[in-house]
Structure formats: structure tokens, C-alpha cells
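Trainee: Submitted below is the structure of interest, expressed as C-alpha cells.
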Amino acid sequence: MNVLAASFAPGLDPDPPLLAVRGLAKHYGTTLGCRDVAFDLWPGEVLGIVGESGSGKTTLLNCLSAQIEADAGEILYRCRDGEEVDFRTLPEARKRALLRGEWGLVHQNPRDGLRLRVSAGANIGERLMAQGARHYGGIRGEATGWLTRVEIDAARTDDLPLHFSGGMQQRLQIARTLVTQPRLVFMDEPTGGLDVSVQARLLDLIRGLVDEVGASCIVVTHDLAVARLLAHRLMVMKAGCVVEQGLTDQVLDDPHHPYTQLLVSSVLQV
Amino acid sequence: MTVMLSAQNLAKTYTLHTQGGTRIPVFRGLSLEVSAGECVVLHGPSGAGKSTLLRAMYANILPDEGEIRVRHAGRMVDILAANSRTVLQVRRQTLGYVSQFLRVIPRVPTLDVVAEPLIRRGEDRAAAREAAAALLARLNIPPRLWSLAPATFSGGEQQRVNIARGLIAPTPILLLDEPTASLDAANRAVVTSLISEAKAAGAAIVGIFHDDETRAAVTDRLFDLSTAKAA
Numbered sequence: 038m039n040v041l042a043a044s045f046a047p048g049l050d051p052d053p054p055l056l057a058v059r060g061l062a063k064h065y066g067t068t069l070g071c072r073d074v075a076f077d078l079w080p081g082e083v084l085g086i087v088g089e090s091g092s093g094k095t096t097l098l099n100c101l102s103a104q105i106e107a108d109a110g111e112i113l114y115r116c117r118d119g120e121e122v123d124f125r126t127l128p129e130a131r132k133r134a135l136l137r138g139e140w141g142l143v144h145q146n147p148r149d150g151l152r153l154r155v156s157a158g159a160n161i162g163e164r165l166m167a168q169g170a171r172h173y174g175g176i177r178g179e180a181t182g183w184l185t186r187v188e189i190d191a192a193r194t195d196d197l198p199l200h201f202s203g204g205m206q207q208r209l210q211i212a213r214t215l216v217t218q219p220r221l222v223f224m225d226e227p228t229g230g231l232d233v234s235v236q237a238r239l240l241d242l243i244r245g246l247v248d249e250v251g252a253s254c255i256v257v258t259h260d261l262a263v264a265r266l267l268a269h270r271l272m273v274m275k276a277g278c279v280v281e282q283g284l285t286d287q288v289l290d291d292p293h294h295p296y297t298q299l300l301v302s303s304v305l306q307v
Numbered sequence: 025m026t027v028m029l030s031a032q033n034l035a036k037t038y039t040l041h042t043q044g045g046t047r048i049p050v051f052r053g054l055s056l057e058v059s060a061g062e063c064v065v066l067h068g069p070s071g072a073g074k075s076t077l078l079r080a081m082y083a084n085i086l087p088d089e090g091e092i093r094v095r096h097a098g099r100m101v102d103i104l105a106a107n108s109r110t111v112l113q114v115r116r117q118t119l120g121y122v123s124q125f126l127r128v129i130p131r132v133p134t135l136d137v138v139a140e141p142l143i144r145r146g147e148d149r150a151a152a153r154e155a156a157a158a159l160l161a162r163l164n165i166p167p168r169l170w171s172l173a174p175a176t177f178s179g180g181e182q183q184r185v186n187i188a189r190g191l192i193a194p195t196p197i198l199l200l201d202e203p204t205a206s207l208d209a210a211n212r213a214v215v216t217s218l219i220s221e222a223k224a225a226g227a228a229i230v231g232i233f234h235d236d237e238t239r240a241a242v243t244d245r246l247f248d249l250s251t252a253k254a255a
């Protein structure tokens, strides 16, 4: 049976979602990580997950991106070849192939997503080689092309990211992630550790590149301004549960849940 | 005349949970229809719910009751009941909205800020920038500012950049929230003629205008919220 087709209202939308999550839950012992999480994500859509620290948003992202194992629920994904799979029940090898070939993950700390003692160019090229690229010149050309796109001087191709600034490292991590043209990208506080001056450029860059690659994106952030600029849709989490979801501007301009109202009214104005 | 937007039986009450659950009723049983080629101006004292109604028509604020149907791609779509993707599609193609304030990514050049809605529609980047330049020139934003980000511009300049961004990709329905609030007479006149041109091209327009001159120039019909609402 077509699991994805059953998961959205008929007649409203001819295209099926890329990802359909149902009843996802994670406990750490008796402590709740998240529960009853359900949503659809369509091609090209950016979904923001907001909430304060401890609300379960990173737990949810980690469950979705297969970094930790959920206890219950379905993660239904439509593969590039059209096949529909429940990611949680796939054999390990298939999971790894999808992670390598169709999904991408941008860590909050670029040091977790990069190999710091391998050149910038190799950090990008490595992902291509994992996908089967073998032609050295082609790989190197692609790598320098991507460095330029994330505004890193191509002359730095052979330098180690260890010696890059935090902002450059984050841009390199984004290039490394997007080079394989992933269909689904997870980002955990992508502008988290960066100076405000660097954040703005990076946000614009992420938005442009995600558009260009046509990827769907799930972004965790505690910064509502970042969410407003990047996300089409928002999910607000509190104590492990989704308390409100909707179009980003609806949630931020006309919040209904008491917790969302508190979040929105707590933002400092500059 | 073709009805482009039909709001029926709208009711909205804000509940402020962070302030002791205070309830602020805005309107009830409110209905309004707007046809192609006409400009309806929302009227009423401050607090009457003009902005709430206008933003509801953009599905930015969700009323508690009622429906707002807009003519999108040849059929009427209730934007309050439609899913997020449909609402975004309706906004991109059918519903234009010019707010009072410019809200953009910092450090993006003005020309790109204005060209973006066209590019998102699939227009060629160079053509979109050309159209942006023409509109900015018409709104008296000097070319030396085009490559700068608008954050440091004056209030009036920012508002004109916002208008350019809001009007560059023509839509069959146009919602205007005080687009002339901080403009001088010459620039108000430019905006007035842009609105008249959109109207002549068949756009259905709903607006809030506080300056009498602009209002007089563009209004076909006043919609008075103080008599229409029964909250």
C-alpha cells in the first residue's frame, strides 16, 4: 500500500510529501525527549523547529536524521527513485546509503561536521567520492566551485579548516553538505555560534543555496528571527511536544498557544 | 464584475495568555467582497480592526470563524482552510501584500531585495534586476543606493523599497497597509499612480490609507469597520 499517499488530504495537493512523520517518540530512560510528533514536509519546503533549550527540538532532529534511535513512530521517506520507505525499519546499509546519497546534515558546531586536519577541498571532495566520483580533476573543480559559492577564496582549497574562522568553517560545512545535491537537509542551529555580522550573510547564503539545490530542509533554531527568515513553516516545541504549527508568519504574528505567545513576546527589540 | 475576494462571517478575538488571558474582541459577523478593478478602503478609528482584517486576507492572522475565498488560478480557494503550501502558492501568484515596514535579510543589496519576488516566480535574474531598477528609479531611489542594503536608509526610503518589492510582481489581488505613511507629497503621488495603474490592469485592491489625499485619489468604495463589526 502507498503509505505516503494515505498520509495527506486528498484533492488538496497533487504532489506527495517528501517526508511524512507520524507518532515519533523518544525517551531517555524515564525522561521524555519528545513524543507524538507528526508532520509532512514537501519538496523545496523549509520547516523550522523552535522552542527554548530542553524543549526537545534537538532530540527530534537527531531522531529524524538517524543520529539517535527513536522509540516509536514512523519516518516515511520518498526516495529519489520513487520508492517509499520507513526509515526506522530499513537495514543499516540502506540507512547509510540514504544518509550519504540523499540526506545532508549541518551540525551546530562545524567541527562536528568537518574533518579539520584534511584540506578544505578534500572535505568537499570526500562526500563526492563517497557517492562514487573518481575523476580527480572533476572532483577538484567541483570543490573549488563550491568554495566560491560559499564565499571562501578558491586559493584556500588546500588549507586545513582547522585554521579557518568559525564563520568560514560553517560555510565550508554547508558546502560539504550541499555538494552532493541532497534532497533533505537537517540543520541544527546553523548560525548558532557565529557573530551577528556573519550570521546575516550566512542566512542569505543558506536561503539562496537551498533554493538553488531545491532541497527540503528542517532547521532547528531558538532564534525566532532566523526562523522567520529561513522557514516557510514552523513547529513550536515545549516539553517534548509540538504545541503549535503553521506558516511561519502566522505562528509569529498571531500566536495562539500560551507558550508561543510567551516566546514571541520575549524577543528583545534592537 | 468578477469577485476576486470574498470574506464571509469573519470573527476574531485575540486572547493574550501572557497578560492574564485578556480577551480582545475585534470583530464578528464581518463580510466583504472585492471585485476586479476596484479599490476598497478600510475605514474606522484606530483599534477598529483594519489591520487585523487586512492581515486576515493575507492569511497572516487567522480568524476564529468565517472564510476568506480568493480567486486563484481560476477557482475560489478558502485561504483560511487551505494547507500551508496552497497558501504560499496563492500568495506568490495571486495575493500581493505591502506592509508598513521593510523586513529583509540584513546586508542584502536593495536591488536584490526588490528583484527577489520576480526571481522566486521563476523570472530570469537579469530581467528581474532590470525591472527592479526601473521601479526603484520611478520611486526616486537614487541609483547610488541600489547596491547598498536598505537597513541604513531613511524611513521614507525604506518604505519606498518596500513598495517596490511589494509591487514588482503584479498580482490579481493587492493588499496595502498604509503604503504612503511616511512619504512626502511627490512620492505619495508616484505611489498613487502605481496603485491606479494596478487597478486599471484589473487588480482588486484593499487598502488602509491615513492620508486624505491618497485615499481620495484611489478609493472606489469605503468599508467602514465601526458599522460593519458587531463584536
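Going down the list, the protein sequences come from chains E and F.
Quick note: the first sequence uses the numbering used here, first residue 38, plus one each step.
Quick note: the second sequence uses the numbering used here, first residue 25, plus one each step.
For every residue, glycine included, the Cβ atom is placed at its ideal position computed from N, Cα and C.
Every value quoted in this text rests on a predicted model; they were computed, and no experiment measured them.
Identify which residue in E:Gly175, E:Val187 and E:Leu271 has its Cα closest to the Cα of Gly245 of chain E.
Mentor: Taking only the C-alpha atoms, the option nearest Gly245 of chain E is E:Val187.
Trainee: Spell out whether any CB of chain F is found under 8 Å from the CB atom of Asp232 of chain E.
Mentor: No, no contact with chain F.
Trainee: Where does Asn33 of chain F land, buried or exposed, given buried means 16+ other C-beta within 10 angstroms?
Mentor: exposed
Trainee: Less than 6 Å between C-beta atoms, sequence neighbours within five positions excluded: which residues of the same chain meet that for Ser178 of chain F?
Mentor: none
Trainee: Are the C-beta of Asn84 of chain F and some C-beta of chain E separated by less than 8 Å?
Mentor: yes
Trainee: Less than 8 Å between the CB atoms is what I'm expecting for Gly277 of chain E and Gly70 of chain E, so what's the real figure, rounded?
Mentor: 6 Å
Trainee: Less than 6 Å between C-beta atoms, sequence neighbours within five positions excluded: which residues of the same chain meet that for Gly162 of chain E?
Mentor: Ile176 and Ala180
Trainee: Please classify Val304 of chain E: is it buried, with 16 or more other beta-carbons within 10 angstroms of its beta-carbon, or exposed?
Mentor: With fewer than 16 other beta carbons inside 10 angstroms of its own, Val304 of chain E counts as exposed.
Trainee: How long is the line joining the alpha carbons of Leu61 of chain E and Leu242 of chain E, rounded to whole angstroms?
Mentor: 31 Å
Trainee: Whose Cβ in chain F lies nearer than 7 Å to the Cβ of Ala237 of chain E?
Mentor: Ile129, Pro130 and Arg131
Trainee: Which residues mark the beginning and the end of the alpha helix (DSSP H) in which Gln210 of chain E is found?
Mentor: Note, Gln210 of chain E: alpha helix (DSSP H), Gly203 to Leu215.
Trainee: Answer with yes or no whether the minimum CB distance from His41 of chain F to chain E is below 8 Å.
Mentor: yes
Trainee: Looking at the C-beta of Leu112 of chain F, does it have a partner C-beta in chain A at a distance below 8 Å?
Mentor: The chain labelled as chain A is not found among the protein chains of the depicted structure, namely E and F.
Trainee: Who are the neighbours of Ser302 of chain E on chain F, taking C-beta pairs under 8 Å?
Mentor: Thr42
Trainee: Identify which residue in F:Ala155, F:Ala158, F:Ala83 and F:Pro130 has its Cα closest to the Cα of Val285 of chain E.
Mentor: Per the sequence shown, residue 285 of chain E should be read as Thr rather than Val. Considering only alpha carbons, the answer is F:Ala83.
Trainee: Please list, in chain order, the chain F residues whose beta carbon lies closer than 8 Å to that of Pro295 of chain E.
Mentor: Correct list: His41 and Thr42.
Trainee: Report yes or no: is there a C-beta of chain E within less than 8 Å of the C-beta of Ser108 of chain F?
Mentor: yes
Trainee: Can you tell me the Cα-Cα spacing of Asp309 of chain E and Val58 of chain F, whole angstroms?
Mentor: A query on residue 309 of chain E cannot be resolved here, the shown segment of chain E reaching from 38 to 307 and no further.
Trainee: Taking its Cβ as the centre, do 16 or more other Cβ atoms sit within 10 Å of Arg245 of chain F, making it buried, or is it exposed?
Mentor: Arg245 of chain F should be labelled exposed.
Trainee: Counting only C-beta atoms, is Asp290 of chain E closer than 8 Å to chain F at any point?
Mentor: yes
Trainee: Let's test the definition: count the other Cβ atoms within 10 Å of the Cβ of Gln43 of chain F and tell me whether it reaches 16, buried, or not, exposed.
Mentor: exposed
Trainee: What span of residues does the alpha helix (DSSP H) with Glu179 of chain E cover, start to end?
Mentor: Where Glu179 of chain E is concerned, the enclosing alpha helix (DSSP H) stretches over Tyr173 to Arg186.
Trainee: Beta-carbon separation of Asp77 of chain E and Ala57 of chain E under 8 Å?
Mentor: yes
Trainee: For the segment 117-134 of chain F and the segment 173-190 of chain F, state whether three or more C-beta atom pairs, one from each stretch, are separated by less than 8 Å.
Mentor: yes
Trainee: Note the first and the last residue of the continuous beta strand (DSSP E) segment covering Glu154 of chain F.
Mentor: The continuous stretches of beta strand (DSSP E) do not include Glu154 of chain F, which lies in the alpha helix (DSSP H) extending over residues Arg149 to Arg162.
Trainee: Enumerate in chain order the residues of its own chain whose CB-to-CB distance from Ser206 of chain F is below 8 Å, with the five nearest sequence positions on each side excluded.
Mentor: Gly179, Gly180 and Gln183
Trainee: Distance, Cα to Cα, Pro133 of chain F vs Gly158 of chain E?
Mentor: 30 Å
Trainee: Against Arg270 of chain E, what residues of chain F qualify as contacts under a CB-to-CB distance less than 7 Å, listed in chain order?
Mentor: Ser108
Trainee: Count the C-beta pairs between the segment 60-67 of chain F and the segment 228-241 of chain F that are closer than 8 Å, then say yes if the count reaches three, no if not.
Mentor: At 8 Å Cβ cutoff, the stretches touch.
Trainee: Can you list, in chain order, the residues of its chain whose CB lies under 6 Å from that of Val27 of chain F, leaving out five sequence neighbours each side?
Mentor: Glu57 and Ser59
Trainee: Give the secondary structure of Met28 of chain F by DSSP, where H, G and I count as helix, E and B as strand, and everything else as coil.
Mentor: strand
Trainee: Return helix, strand or coil for Pro49 of chain F, following the three-state DSSP convention.
Mentor: strand
Trainee: For Asp241 of chain E, would you say it is in contact with chain F, using Cβ-to-Cβ distances shorter than 8 Å as the test?
Mentor: True, the Cβ-Cβ gap to chain F drops below 8 Å.
Trainee: Determine the chain F residues that contact Gly283 of chain E at a beta-carbon separation under 9 Å, and present them in chain order.
Mentor: Leu86 and Ser108
Trainee: Thinking just about the alpha-carbon of each residue, which of E:Arg270, E:Lys275, E:Leu289 and E:Leu299 is nearest to the one in Thr110 of chain F?
Mentor: Distance from the Cα of Thr110 of chain F is smallest, within the candidate group E:Arg270, E:Lys275, E:Leu289 and E:Leu299, for E:Arg270.
Trainee: Can you name the residues of chain F whose CB is closer than 7 Å to the CB of Leu299 of chain E?
Mentor: In chain order: Thr42.
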